[in-house]
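A short write-up of the structure that comes next.
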Amino acid sequence: MDSTNIRTTRVCHVVAMPFPGRGHINPMMNLCKLLASRKKDILITFVVTEEWLGYIGSDPKPHNILFETIPNVIPPERLKAANFPGFYDAVMTKMEAPFEQLLDRLELPVAAIIGDIDVRWSTGVGNRRNIPVALFWTMSASVFSMFHHFDLHIKQSHAKIDLIEQVESIAGMSSSNVEELRTIFHRDDPRVLELALDCISRVPQAQYLLFTSVNEFEPQAFDSLRAIYNFPVYPIGPAIPYLELGESSCETKSYLQWLDSQQTGSVLYISLGSFLSVSNTQMDEIVAGLQISGVRYLWVARGEASRLKDRCGDMGLVVPWCDQLKVLCHPSVGGFWTHCGWNSILEAVFAGVPMLTFPLFLDQDTNSRQIVEDWGNGWRVNDAVKTEKLVTKENIAELVRRFMGAESDEGKQIRRKAKLLQDKCVVAISEGGSSAANLDAFISSISPGKGH
61 MDSTNIRTTR VCHVVAMPFP GRGHINPMMN LCKLLASRKK DILITFVVTE EWLGYIGSDP
121 KPHNILFETI PNVIPPERLK AANFPGFYDA VMTKMEAPFE QLLDRLELPV AAIIGDIDVR
181 WSTGVGNRRN IPVALFWTMS ASVFSMFHHF DLHIKQSHAK IDLIEQVESI AGMSSSNVEE
241 LRTIFHRDDP RVLELALDCI SRVPQAQYLL FTSVNEFEPQ AFDSLRAIYN FPVYPIGPAI
301 PYLELGESSC ETKSYLQWLD SQQTGSVLYI SLGSFLSVSN TQMDEIVAGL QISGVRYLWV
361 ARGEASRLKD RCGDMGLVVP WCDQLKVLCH PSVGGFWTHC GWNSILEAVF AGVPMLTFPL
421 FLDQDTNSRQ IVEDWGNGWR VNDAVKTEKL VTKENIAELV RRFMGAESDE GKQIRRKAKL
481 LQDKCVVAIS EGGSSAANLD AFISSISPGK GH
């Protein structure tokens, strides 16, 4: 069906505004695909910059999701890492006007805006235009709760953000959360954290709050958030591309063929994220440790792929990109070394794969603790990472051997926990499960003719 027919027949028109970054655009698109799969008479306008349309414009998507663009009013992706505070600030200040101009051009009335929380201005736009806004959070509910309580603490105590080092306790937060906040503030730019807290403080202006997580993964966090806000809080996750797992590709990727030739559960999959990575010295230790371990591995190294390929020998395959969910669901993969980005964690949980945690940035320390201490489906690579000490090749080799030894008691334990969490995930997305029900409730609420 072409877009003209869609425009004349679809009645529930939703505008999606993701934060311009891979870790935000992907889950927002996955959410939109889930919405499109559950309601046929929905039209979703997915708004990106012209630069991002160049990256994702040819990706397959349902016919009732259409791209619209705003000009490149923010720094390009290649400059983001060099000055992330500047990039973040530009998203907050430069994108609102062209987004409003785009809304003015749309033919169909808008039933709801789904805005990434890190796009600070979406609630203001929706409220001015009397359009309901669903804010979308792409990290865990636990991290959201942690930032929310810290924001309250700052407002009530009139403290400065950078005085977290002197704070012993914060109402509503565990001592481990306070310690993780200290780690974040020690390692990350204060300006970014100020902006992030400002975004959190505007959540009460929304009409809905959507999470990529699953209720059963973080039940206490979701219970507390429902008590805080007087509007629906909907965990609809995992917002990962599981609907596309059954689709066959025209060409079989070489890395999947390589996995086909490996023994069941024998391969360690490694991905350290798409934005920030580790030092060259630490990377060299990781490579050497993997070689010593004798464990087979598939490593997605993006910009580092060409440098690492020559050094990895016969035990490892290094690629610049892969379909991560398909890899994690492959029977040959027995473990995942992850930087603990939330999207990657959700994919690993869906696949039932245990994790080695190697947090690098922002929410990842909290995610690592959740995996290791709350869920029990993974181990830390080394606590020394928190203090930026080098993890040696000897330590890496010994840990990887133990982690991939599925027959040991400790190996069986983390794999049993991973399977239990996977089972919760399957139930949540099945008909009658919590995530499926929340998606339907949200769609019903925003559909024309319903009260908001």
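Just so you know, we're using this note's numbering here: the sequence shown kicks off at 61 and counts up by one.
Ideal Cβ positions, reconstructed from N, Cα and C, are used throughout, including at glycine.
A buried status is given to Tyr357, since no fewer than 16 other beta-carbon atoms sit within 10 Å of its beta-carbon.
In this structure, the alpha-carbon of Val108 lies about 21 Å from that of Arg189. Between Leu212 and Asn403, the alpha-carbon positions lie close to 27 Å from each other. Within the segment 167-232, the alpha helix (DSSP H) runs of at least 4 residues that lie entirely inside it are, in chain order, 182-188 and 201-217.
DSSP places Val387 inside the alpha helix (DSSP H), whose first and last residues are Gln384 to Leu388. Under DSSP, Ile352 takes part in no beta bridge, so it has no partner.
Under DSSP, no beta-bridge partner is assigned to Ser235. The residues Val107, Gly175, Val179 and Ser182, in chain order, have a CB closer than 6 Å to that of Met77 in the same chain once the five nearest residues on each side in sequence are set aside.
Annotation: Val360 to Ile134 spans about 28 Å, alpha carbon to alpha carbon. The criterion of a C-beta distance shorter than 7 Å is satisfied by Ala488 and Glu276.
Contact holds between the segment 435-444 and the segment 472-486, because three or more Cβ pairs, one in each stretch, are under 8 Å apart.
Check the Cα spacing between Ile177 and each of Met152, Asn187 and Glu458: the tightest is with Met152. Contact between the segment 311-323 and the segment 390-401 is present: three or more C-beta pairs spanning the two stretches fall below 8 Å. In summary, Leu377 is buried, with 16 or more beta-carbon neighbours lying within 10 Å of its beta-carbon over all protein chains present. Following the DSSP letters along the chain, one finds Pro135 in no beta strand (DSSP E), marked with neither H nor E.
Between Val74 and Ile104, the C-beta spacing is below 7 Å. Ranked by Cα distance from Lys449, the first of Ala256, Phe418 and Ala96 is Phe418. For Met77, the secondary structure class from DSSP, reduced to helix, strand or coil, is strand. Ranked by how close their Cα comes to the Cα of Ser494, the residues Leu166, Arg82 and Thr272 have Thr272 in first place. Counting every other CB atom within 10 Å of its CB across the protein chains shown gives Pro136 a total below 16, marking it as exposed. Straight across, the Cα-Cα distance linking Val409 with Cys485 is about 8 Å.
Assignment of Cys259 by DSSP, reduced to helix, strand and coil, places it in the helix class.
Boundaries of the beta strand (DSSP E) harbouring Glu128: Ile125 to Ile130, taken from the DSSP string. For Ser331, the enclosing beta strand (DSSP E) covers residues Val327 to Ser331. Around the beta carbon of Lys215, fewer than 16 other beta carbons lie within 10 angstroms, which makes this residue exposed. The way I'd put it, the segment 344-353 does touch the segment 456-472; three or more beta-carbon pairs between them come closer than 8 Å. By the Cβ criterion, the segment 255-273 is in contact with the segment 286-301, since at least three pairs of Cβ atoms, one from each stretch, lie closer than 8 Å.
Per DSSP, Thr452 is not a residue of any alpha helix (DSSP H), being assigned neither H nor E. Under a 10 Å Cβ-count criterion, Leu285 is classified as buried, with 16 or more other Cβ atoms of the shown protein chains found around its own Cβ. Counted as a single uninterrupted DSSP element, the stretch harbouring Gly438 is not any alpha helix (DSSP H) but the beta strand (DSSP E) occupying residues Gly438 to Arg440. DSSP places Met88 inside the alpha helix (DSSP H), whose first and last residues are Arg82 to Arg98. Of the other Cβ atoms in all chains shown, fewer than 16 fall within 10 Å of the Cβ of His246; this residue is therefore exposed.
When the Cα atoms are used, Leu422 and Asp248 turn out to be separated by approximately 7 Å.
Our two residues, Thr398 and Leu332, have alpha carbons roughly 6 Å apart in a direct line.
Under DSSP, the beta-bridge partners assigned to Tyr294 are Leu270.
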